[in-house]
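> I'd like to ask you about the structure that follows.
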Amino acid sequence: MPELQYKKIIIFGAGLIGGSFALALRKANVVVEVVGFGRSAQTLEQARQLGIIDRVGSDLAAELGDADLVLLATPVAQMADILARIAPHLGAHTLVTDGGSTKCDVIEAARRHLGARVAQFVPAHPIAGAEQSGAAAARADLYQDKKVVLTPLPENSDEAVARVRTAWELCGAVVSVLTPQQHDQVFAAVSHLPHLLSFALVHDLAQRDNRDLLLSFAASGFRDFTRIAASSPEMWRDISLANRDALLRELQQYADELYVLYQALENRDAAKLEEIFRLASQVRGNWTQQ
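Numbering (this note's numbering), first residue to last: 17 to 306.
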């Protein structure tokens with residue numbers, strides 16, 4: 017058995033992210049008890065029946081004092097309220113981490129609500145997921161060989177960061193470290209923007225009178241590009257607003273790129289089109305071979 021063992025872990029949001037975290041630590045045989053909290057009693061009961069959590073929590077004051085680790089695995093817009101609720105009850109040795117896709121806003125909420133206890137919060141973002149959500153989508157191998165980004169705070173002790181890092185590594189993840197600002201800039205470009213573009217294309221077609229005809233001829237290219245438009249609207253609404261400034265910059269840069277393509281087509285500039293397509297193809301090909 018690994019040296020590190022958790023007597024109690026508390027999960028807020030026992031769906032894909034939180035449920036997979038719990039299942040992975042169970043598989044690693046390093047956790048004794050998992051307690052679940054959330055908005056939906058039905059989801060929590062399903063998580064219990066699936067063996068993700070041992071029981072549904074009802075009293076934060078009673079549960080948090082002796083908890084080793086708390087994971088916030090809810091949409092980012094809900095995290096400020098949860099941080100406010102748990103702040104008065106955190107045990108002296110309880111660490112808090114999260115699975116949010118944005119970091120600067122969550123850290124701001126943590127500073128506001130945890131106050132002097134913000135040193136107990138080690139922010140994280142697992143780069144793993146699926147279009148499915150809920151407890152039934154959770155699986156023990158979700159994080160295997162996937163990246164998890166930590167964005168430690170100046171207040172965090174080396175020991176606190178190491179304990180949170182170890183938890184994610186026990187889930188099978190490969191852990192990287194960025195600043196919160198770096199994180200939000202990077203993921204605005206390579207995650208948040210692609211989701212917005214995918215949603216936008218499907219939304220555009222959905223409003224057309226010949227929508228059914230168009231979709232009847234859509235093939236694998238459309239399916240691949242729009243796969244992520246099946247993701248949770250609530251979650252991506254929250255992510256978009258939480259990372260608004262960085263995402264606005266990325267949208268503007270992409271709009272500029274689209275205008276270059278527009279001009280090339282308008283001017284029948286075959287050389288420019290091929291130049292753009294060739295560079296994009298080369299970079300995409302090199303990335304997939306990494």
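C-beta: ideal position from N, C-alpha, C; glycine also.
Just list the residues that DSSP pairs residue 270 with in beta bridges.
For the purposes of this step, residue 270 is taken as the residue at position 254 of the sequence shown. BP columns for residue 270 are empty, so no partner.
> Counting only runs of 4+ residues fully inside the stretch 166 to 213, write out the alpha helix (DSSP H) ranges in chain order.
As far as the stretch 166 to 213 is concerned, its whole alpha helix (DSSP H) runs of at least 4 residues are 174 to 186, 196 to 203.
> Looking at C-alpha atoms only, which residue of 53, 269, 135 is the closest neighbour of residue 171?
Your numbering for residue 171 matches position 155 in the sequence shown. Residue 135 is the option with its Cα nearest to residue 171.
> Taking the CB atoms as reference points, tell me whether residue 87 and residue 27 lie closer together than 7 Å.
Counted from its first residue, the sequence shown places residue 87 at position 71. Counted from its first residue, the sequence shown places residue 27 at position 11. A contact, by the Cβ cut-off of 7 Å.
> Between residue 57 and residue 68, what straight-line distance do the alpha-carbon atoms span, to the nearest angstrom?
Position 41 of the sequence shown holds residue 57. Position 52 of the sequence shown holds residue 68. Computed Cα separation, rounded: 14 Å.
> Return the Cβ separation of residue 161 and residue 188 in integer angstroms, given the expectation that the two are a contact with Cβ distance under 8 Å.
Taking the sequence shown and counting its residues from 1, one reaches residue 161 at position 145. Taking the sequence shown and counting its residues from 1, one reaches residue 188 at position 172. That pair is a contact at about 6 Å.
> Can you tell me whether DSSP reads residue 90 as helix, strand or coil?
On the sequence shown, position 74 is the one that residue 90 refers to. Of the three classes helix, strand and coil, the one that applies to residue 90 here is coil, per DSSP.
> Residues in the same chain with beta-carbon distance under 8 Å from residue 17, minus the five sequence neighbours each way, listed in chain order, please.
Within the sequence shown, the letter at position 1 stands for residue 17. In this prediction, residue 17 scores a pLDDT of 46, lower than 50, which makes its location untrustworthy; the coordinate-derived value is nonetheless stated afterwards. Excluding sequence neighbours, residue 17 sits near 45, 46.
> If you draw a straight line from the alpha carbon of residue 40 to that of residue 158, how long is it in whole angstroms?
Within the sequence shown, residue 40 is the residue found at index 24, counting from 1. Within the sequence shown, residue 158 is the residue found at index 142, counting from 1. If I take the Cα positions, the gap works out to 8 Å.
> Taking 7 Å as the cut-off, decide whether the C-beta atoms of residue 141 and residue 165 are in contact.
For the purposes of this step, residue 141 is taken as the residue at position 125 of the sequence shown. For the purposes of this step, residue 165 is taken as the residue at position 149 of the sequence shown. In contact: residue 141 and residue 165 (Cβ atoms closer than 7 Å).
> I'd like to know whether the C-beta atoms of residue 151 and residue 94 end up nearer to each other than 7 Å.
Locating residue 151 in the sequence shown gives position 135, where the first residue counts as 1. Locating residue 94 in the sequence shown gives position 78, where the first residue counts as 1. Result no, Cβ atoms of residue 151 and residue 94 do not sit closer than 7 Å.
> Run the CB neighbour count on residue 167, radius 10 Å, all protein chains shown included, and call it buried at 16 or more, exposed below.
As a position in the sequence shown, residue 167 is number 151, starting the count at 1. With 16 or more Cβ atoms within 10 Å of its Cβ, residue 167 is classed as buried.
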